[in-house]
Amino acid sequence: MAGFFSRLKQGLSRSSERLNSVFVKRLLDDDTLEELEDELIAADLGPAVAERIITKFRETSFGQNVTSEEIRATLAHEISHVLEPVAVPFTPDPEKKPHVVLVVGVNGTGKTTTIGKMAHQYRQEGKSVTLVAGDTFRAAAVEQLQVWGERVGAPVIAGKQGGDAAGLAYDGLKRATEEKTDVLLVDTAGRLHNKNALMEELAKIIRVMKKFDDTAPHSVLLVLDATTGQNAIEQVRVFQELVNVSGLIVTKLDGSARGGIVVALAEKFKLPVHMVGVGEKAEDLRPFSAQDYARGLVG
Ligand code: GDP
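Here the sequence shown stands for residues 1 to 299, where the numbers follow the UniProt record's numbering.
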């Protein structure tokens, strides 16, 4: 955990170093607050959160000499406050056989890898998992999922490249239901350059699955790449138009200097942030903890 958070820290710690030099024995006046606000925005926290934090400083400490420790403590407290309502663990419903999870997101954000990691976790917990290789446009995605499936011991429903993802999803749901599988994870293509085609494809996957089980999918998880910073905001907007997003997974928080985007996402959309990806390996998926994250971010 220590390694993860020291890496995550790069987000605000670059700023914090500057904050240190800016704030050691410094008067919290208008100039200083403006500088701090700029730092918060540069760290991707977004203008709304930045403004709220500055207001807090203004109310509590304006005109006082503050140390960087005090600044950090207030920052961590305020950030944690924004994150707490969205830090919702993701647990498949054991009553559902299977709990159907549709995983969506722009290509390259880490959908396939995240599905592999989730499958690994659930298998470790003794749950049965079936995977649907619904990203039929990217041959590598199918192979990638097959590798994960073999590694973790989960059957993979796959078809021809360019084939019908909805048909695969239907087959996967039928099989998982017959076999009373605990979790069905459905990968999808994320070709955002053709929004209408993507919308139709996702709608069809959902429509076809509903023919078999009208409660499916039970969760629609949107995978976002933290390194894309503010682009993640636009991606949530677009995917919310396309599907009924139930929660977020933010990947690539290892080595990223952009961890602040999670705060902006939490503030803007109030969608649950279920998990974060902190590497490419099977165990590099963590539940999202507001306090740990806030503390890690601030340094
Ligand atoms: P997809 O197109 O959305 O299915 O994305 P992939 O799962 O193929 O991931 C794209 C790339 O990001 C791959 O090289 C993954 O190994 C990598 N990746 C995914 N999640 C993470 C993460 O949390 N950290 C890091 N460093 N790389 C990741």
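Heads up, the beta-carbon is just placed ideally off N, CA and C, and yes, glycines get one too.
Only a predicted model underlies this, so the values are computations on that prediction, with no experimental measurement involved.
Just to confirm my understanding: we take residue i, look at its own chain, exclude 5 residues before and 5 after, and list those with CB closer than 7 Å. What are they?
| i | result |
| --- | --- |
| ASP31 | none |
| LEU75 | ILE53, VAL298 |
| ALA50 | GLU37, LEU40, ILE41 |
| GLU267 | GLY46, ALA48, VAL49, VAL82 |
| ASN231 | none |
| ALA87 | VAL273, PHE288, SER289, ALA290 |
| MET275 | PHE90, ILE249, LEU285, ARG286, PRO287, PHE288 |
Using beta-carbon positions only, say whether residue i and residue j come within less than 8 Å of one another.
| i | j | result |
| --- | --- | --- |
| ALA158 | ALA133 | yes |
| PRO98 | THR177 | yes |
| THR215 | LEU202 | no |
| LEU248 | LEU271 | yes |
| LYS56 | GLU37 | no |
| VAL263 | LEU83 | yes |
| VAL156 | LEU173 | no |
| LEU192 | VAL104 | no |
| THR109 | GLY190 | yes |
| LEU28 | VAL100 | no |
| LYS160 | ALA282 | no |
| ALA154 | ARG123 | yes |
Going along the chain, which residues of its own chain have a beta-carbon closer than 6 Å to the beta-carbon of residue i, five neighbours each way excluded?
| i | result |
| --- | --- |
| GLY3 | Here the model assigns GLY3 a pLDDT of 36, short of 50, so the residue's position is not dependable, and the following value carries that caveat. Closer than 6 Å at Cβ, skipping near neighbours: no residue. |
| ILE205 | ALA165, ALA166, ALA169 |
| LEU102 | VAL186, PRO217, VAL220 |
| SER128 | THR181, ASP182 |
| SER80 | ALA290, GLN291, ALA294 |
| ALA141 | THR112, ASP135 |
| ILE115 | VAL103, LEU185, ASP187 |
Which value, in whole angstroms, describes the spacing of the CA atoms of residue i and residue j?
| i | j | result |
| --- | --- | --- |
| TYR293 | VAL147 | 31 Å |
| LEU131 | LYS180 | 14 Å |
| THR113 | LEU33 | 41 Å |
| ARG138 | GLU234 | 23 Å |
| PHE90 | LYS111 | 16 Å |
| ARG58 | THR227 | 31 Å |
| ASP44 | ARG175 | 43 Å |
| VAL245 | MET199 | 13 Å |
| ARG151 | GLY126 | 15 Å |
| GLU280 | LEU224 | 15 Å |
| VAL208 | LEU253 | 34 Å |
| GLU69 | GLY149 | 47 Å |
| VAL236 | LEU265 | 8 Å |
For residue i, list the residues DSSP reports as bridge partners.
| i | result |
| --- | --- |
| ARG258 | Paired residue(s): none; ARG258 is not in a bridge. |
| GLY277 | LEU285 |
| LEU33 | DSSP output for LEU33 lists no bridge partner at all. |
| VAL250 | LEU224, VAL276 |
| ARG26 | VAL66 |
| ALA87 | VAL273 |
Counting only the same chain and skipping the five closest in sequence on each side, list residues whose C-beta sits under 8 Å from that of residue i.
| i | result |
| --- | --- |
| LYS211 | TYR170 |
| LYS195 | VAL238, LEU242 |
Inside the UniProt domain "AAA+ ATPase" (97 to 248) only - beta strand (DSSP E) runs reaching at least 3 residues: Taken in chain order, the whole beta strand (DSSP E) runs of length 3 or more contained in the UniProt domain "AAA+ ATPase" (97 to 248) are 99 to 104, 129 to 132, 183 to 186, 219 to 225.
Segments of 4+ residues assigned as alpha helix (DSSP H) that fall wholly inside the region 37 to 70: 47 to 61
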